[in-house]
Amino acid sequence: MSLIVTLIGCLVALGACWLLTGAVLRALKRHDILDIPNERSSHSTPTPRGGGIAVVSVLFMTWLAFWLIGDDTVATSNFWIILVTGGALAVISWMDDVRGDLPTIPRLGTQAAAVGAGLFALPGDGAVFQGILPTTLDMALSGIIWLWFINLFNFMDGIDGIASSQTATAGLGLLLLAIIFTDASSLGPYGLALTAVALGFLPWNWQPARIFLGDVGSVPLGYGVGWLLLALASFGLWQAALLLVLYFFADTTFTLLRRLVRGKAIWQAHHEHYYQYAIEAGRSHTNVVMAVTAVNLLLVGLAAATTISPNVAWCAFGAGILLTAVLLWYLRFSRIRAVHAD
């Protein structure tokens, strides 16, 4: 697929997402589909929920077009599985946005089924762990990681602009790696499309947000981004794949472990993410998202550095861990400072 076609397609996707989000916003207001603030919320006014309809619709249509006209590794894979199962997740998540009472087991069961099918869409032999593990174990562990990523992406969509910004930087990183690493070149257009729809939605979702993604957006996005990261890992760039979303992984995983150690129910909604501590301390959504985005952009650079050599890859990965730890400390320190000030 030519560069011109990719750029035109992504520019159209950006504009279409921006326009469609405005139309979806009006429809959600008309039908009173709102996110009502509660004690766990990081916002104070009822806000339309479900903007992900625009994001996912435009993204999947763009991906479908790229897949149909492409002649690369992704084009020869079973990528249609991702589009079909991702669409199914969007429908079920939309039901949850509207009704708000979808039981956990059916929701996770549907996600697990989508992940199980999606593993067969990975390019090549789909070996994420590069032959280190037996095929069955490789698929099982990849599926567990992917399922966790879908849910952590949903958990992290808690303040204005954070999920959109992460999507944009992850897509940018995928594009950069596709340019540098020839084997992964087929992922570039799909990564750029991610960035395009995220930037199309971001003006509507920036503080003060006029519309939220909702589960209809965050769940399919987590699914799609997760597939691209697994595909990147299957090309041998697993350190790069982790670096692109390392903050999201770290915040959610450490938060879950803290709750587990304290004997709290890990499946219940809460307000204990590192970014939420910073908001409680008085930092604005914009301040937190800008800090996270700055670190994410540095992580993109480190992800690109992993392609230089194995030794450099490990150094870059270690630097990414250190950088993410500093960000977590910064967000957590906001809360500590606020507590001492009381």
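Here the sequence shown is numbered in the working numbering, starting from 1297 and rising by one per residue. Yeah, the Cβ is synthetic: ideal placement off N, Cα and C, and Gly gets one too. Quantities reported herein were computed from a predicted structural model and do not represent experimental measurements.
Going by DSSP in three states, residue i sits in which element: helix, strand or coil?
{"i": "D1511", "result": "helix"}
{"i": "T1603", "result": "coil"}
{"i": "R1628", "result": "helix"}
{"i": "T1369", "result": "coil"}
{"i": "R1506", "result": "coil"}
{"i": "D1421", "result": "coil"}
{"i": "P1344", "result": "strand"}
{"i": "A1637", "result": "Note that A1637 scores a pLDDT of 35, beneath 50, so its modelled location is shaky and nothing firm can be said."}
{"i": "S1530", "result": "helix"}
Looking at the unbroken alpha helix (DSSP H) that takes in residue i, where does it start and where does it end?
{"i": "K1325", "result": "L1299 to R1326"}
{"i": "P1402", "result": "T1400 to G1414"}
{"i": "A1386", "result": "W1376 to R1395"}
{"i": "P1499", "result": "G1484 to N1501"}
{"i": "T1463", "result": "I1458 to I1476"}
{"i": "F1449", "result": "T1431 to F1451"}
{"i": "Q1572", "result": "Y1570 to E1576"}
{"i": "W1534", "result": "W1534 to L1540"}
Buried or exposed: residue i, going by 16 or more other Cβ atoms within 10 Å of its Cβ?
{"i": "L1299", "result": "exposed"}
{"i": "A1565", "result": "exposed"}
{"i": "R1647", "result": "Residue 1647 lies beyond the residue range present for the chain, which begins at 1297 and ends at 1638; the question has no answer from this structure."}
{"i": "G1559", "result": "exposed"}
{"i": "Q1462", "result": "buried"}
{"i": "V1608", "result": "exposed"}
{"i": "L1509", "result": "buried"}
{"i": "V1387", "result": "exposed"}
{"i": "V1370", "result": "buried"}
{"i": "V1557", "result": "exposed"}
{"i": "I1632", "result": "With a pLDDT of 44 at I1632, under the threshold of 50, the modelled position of this residue cannot be trusted, and the question is left open."}
{"i": "M1452", "result": "buried"}
{"i": "R1326", "result": "exposed"}
{"i": "T1620", "result": "buried"}
{"i": "I1428", "result": "exposed"}
{"i": "G1346", "result": "buried"}
{"i": "I1455", "result": "buried"}
{"i": "I1575", "result": "buried"}
{"i": "T1672", "result": "Nothing can be reported for residue 1672, as the shown portion of the chain is limited to 1297 through 1638."}
Hey, out of the options, whose CA is closest to residue i's CA?
{"i": "D1367", "options": "S1605, F1544, V1301 and A1489", "result": "V1301"}
{"i": "F1449", "options": "T1358, L1619, G1513 and N1592", "result": "G1513"}
{"i": "A1384", "options": "D1547, T1548 and P1516", "result": "P1516"}
{"i": "L1595", "options": "A1536, R1628, L1624 and N1583", "result": "A1536"}
{"i": "V1351", "options": "L1495, M1297, L1360 and C1611", "result": "L1495"}
{"i": "I1329", "options": "A1409, A1459, P1344 and A1574", "result": "P1344"}
{"i": "G1396", "options": "F1550, M1297, A1361 and I1332", "result": "I1332"}
{"i": "F1545", "options": "L1418, A1386, F1445 and A1413", "result": "F1445"}
{"i": "Q1572", "options": "W1563, V1588 and M1357", "result": "V1588"}
{"i": "G1520", "options": "V1308, D1479 and T1491", "result": "T1491"}
{"i": "L1379", "options": "L1418, T1478 and P1342", "result": "L1418"}
{"i": "G1420", "options": "M1391, L1528 and R1403", "result": "L1528"}
{"i": "G1382", "options": "D1547, C1306, L1443 and L1553", "result": "L1443"}
{"i": "W1390", "options": "L1539, L1324 and L1429", "result": "L1324"}
{"i": "M1435", "options": "V1591, A1459 and W1523", "result": "W1523"}
{"i": "G1305", "options": "G1347, L1360 and T1400", "result": "L1360"}
{"i": "D1393", "options": "I1377, L1404, G1348 and I1428", "result": "G1348"}
{"i": "N1374", "options": "P1399, I1401 and G1422", "result": "G1422"}
{"i": "L1639", "options": "G1457, L1433, A1464 and F1416", "result": "One cannot answer for residue 1639 here, as it falls past the ends of the chain, which runs 1297 to 1638."}
{"i": "A1590", "options": "A1466, G1454, V1354 and V1424", "result": "A1466"}
{"i": "A1489", "options": "S1340, Y1626, H1339 and V1354", "result": "V1354"}
{"i": "R1322", "options": "W1500, Q1426 and I1441", "result": "W1500"}
{"i": "L1303", "options": "H1339, T1431, G1487 and A1480", "result": "G1487"}
{"i": "L1538", "options": "S1630, G1518, G1616 and A1408", "result": "G1616"}
{"i": "V1493", "options": "L1533, F1362, A1561 and T1358", "result": "T1358"}
{"i": "L1404", "options": "W1563, F1531 and G1484", "result": "W1563"}
{"i": "L1498", "options": "F1629, W1363, M1586 and L1398", "result": "M1586"}
message = Could you check whether the stretch 1313 to 1327 touches the stretch 1453 to 1473, counting it as contact only if at least three pairs of C-beta atoms, one from each stretch, sit closer than 8 Å?
response = The stretch 1313 to 1327 vs the stretch 1453 to 1473: no contact.
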